[in-house]
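So the structure is just underneath, and the comments pick up after that.
Residue numbers (the numbering used here): 1 to 306.
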């Protein structure tokens, strides 16, 4: 199979995810809810519908399919991680964080609405993610659902995405301290960006009932993929056109962010991206054609232009 194996899967997942998110973010109150405030659900829908690569749900589905898991369960798990990703983007864009005005070519939530609404929209998406994972739509076995909840919580929390964002803020010099070296940058990016990508692959393996050896290989794959995604993102910020990327570029250098581009230049970062792509695909050498969508996902991440 060629690159299209993941492109086709991602397109199918994006279509299904859009319909499922439309239902999940219905303006009508759901059983057990008193009401869904109109402005809040409007902001959540603005953030989550009509855009995005849907990379993380596609990784969940691709990994689950390797072990024969099909249907709505893997997609529902993917929706949960997409809600966490959406919340993180809303909060990252806030003036207190990265202070961005554009996301996917549109005004960010705090610009389209206001800061308070943006904070609450992010909060609500985060809790909706775990409500979704706790549903038996994801898997009939409660033990599997608990493992999924723990996996996503760890990836999103103190030792994962949230902790990585704090390290990123520190790397800008907000709190003093020494400049970061390679190992520090890799750790920060593995937490801030890589953790959710790793979780997506891990959650697919959990839903699919993968064995321990398969899961170890997928962790190696996902770790390299997560770092490759961040390096590609750093290169887009350094070289990409805002009209194509859908957000302001050149912000990393302006903010003094610690990135591999800043330390090693564009050429060095590109060499690292090539190495990581090879590491990711190499980790799947023990699998057959069933892993081809994940192999092409690594090439997709390396070649993306937005």
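Beta carbons are placed, not taken as given, at the ideal position from N, Cα and C, and that holds for glycine.
None of these values were measured; they are calculated from a predicted model.
Residue 102 sits in a strand when the DSSP states are folded into three classes. Straight-line measurement puts the Cα of residue 221 at about 11 Å from the Cα of residue 194.
Remark: C-beta atoms of residue 269 and residue 260 approach each other more closely than 7 Å.
The beta-carbon separation of residue 225 and residue 197, rounded to 6 Å, stays under the 8 Å limit for a contact. Under the three-state reduction of DSSP output, residue 107 falls in the strand class.
Shortest Cα-Cα distance from residue 235 to any of 60, 88, 273 involves 273. Spatial neighbours of residue 45 in its own chain (CB-CB distance under 6 Å, excluding positions within 5 residues in sequence) are listed in chain order as 25.
The beta carbon of residue 88 is closer than 7 Å to those of 161 in its chain, skipping five residues each way along the sequence.
Contact annotation: residue 23 and residue 84 have beta-carbon atoms that are not nearer than 7 Å. Per the C-alpha coordinates, the member of 180, 200, 137, 166 positioned closest to residue 150 is 200. Taking 7 Å as the cut-off, the beta carbon of residue 6 is found no closer than this to the beta carbon of residue 287.
Only residues of its own chain outside the window of five on either side were considered, and among them 40, 44 have a CB closer than 7 Å to the CB of residue 124, listed in chain order. In this structure, the CA atom of residue 21 is about 23 Å from the CA atom of residue 293. When rounded, the separation of the alpha-carbon atoms in residue 207 and residue 144 is 7 Å. The straight-line gap separating the alpha-carbon atoms of residue 52 and residue 107 is approximately 14 Å. By the criterion of a C-beta distance shorter than 7 Å, residue 139 is surrounded in its chain by 73, 145, 207, once the five residues flanking it on both sides are discounted.
Per the Cβ contact rule, the region 168-178 is not in contact with the region 54-66 (fewer than 3 Cβ pairs under 8 Å).
Residue 237 sits buried, since 16 or more C-beta atoms from the chains shown fall within 10 Å of its C-beta. The three-state secondary structure of residue 31, taken from DSSP, is coil.
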